[in-house]
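Undergrad: Below: one structure in structure tokens.
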Amino acid sequence: LDRQISDQLSEVMHHPELQKLEGSWRGLNYLVMNSETSSTLKVRMMSMTKKELHKDLSKAVEFDQSQIFKKVYESEFGSAGGELYGALI
1 LDRQISDQLS EVMHHPELQK LEGSWRGLNY LVMNSETSST LKVRMMSMTK KELHKDLSKA
61 VEFDQSQIFK KVYESEFGSA GGELYGALI
């Protein structure tokens, strides 16, 4: 039984999709942990794949009609009390 559980766990842990997800989280952790911090620094993460981003930007007639533009620009710059972004990665 122990061997079977170990084999199943190994299969899950070494699956390429899980390793890709783990790599993404580790990269984000590295970025956050190695950034100079201050009381004004805020880190926000938007869950979006490159494929989804490409589809959104390709589908929009103009870039300012894309969902990403609305989320980044209109939600912050276009509203009272909105906060500036220092970087989008």
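Take the sequence shown: its position 20, counted from the start at 1, is 20 in full-length UniProt numbering, and no numbers get skipped. Note that CB positions come from ideal geometry on N, CA and C, so glycine has one too.
(1) When the Cα atoms are used, what is the spatial distance from Glu76 to Asp64?
(2) Per DSSP, what kind of secondary structure is His15 in: helix, strand or coil?
(3) Once the 5 residues before and after Ser66 are set aside, which same chain residues still bring their CB inside 6 Å of it?
(4) Tell me the DSSP secondary structure of Val43 in three-state form.
TA: The short version:
(1) Here residue 76 refers to the residue found at position 76 of the sequence shown. Here residue 64 refers to the residue found at position 64 of the sequence shown. Answer to the nearest angstrom: the Cα atoms are 14 Å apart.
(2) By 1-based counting over the sequence shown, the position of residue 15 is 15. Here His15 carries a coil assignment [DSSP, helix/strand/coil].
(3) Within the sequence shown, residue 66 is the residue found at index 66, counting from 1. Cβ neighbours of Ser66 beyond the five flanking positions: Asp56, Leu57 and Ala60.
(4) Taking the sequence shown and counting its residues from 1, the one referred to as residue 43 is at position 43. The three-state secondary structure of Val43, taken from DSSP, is coil.
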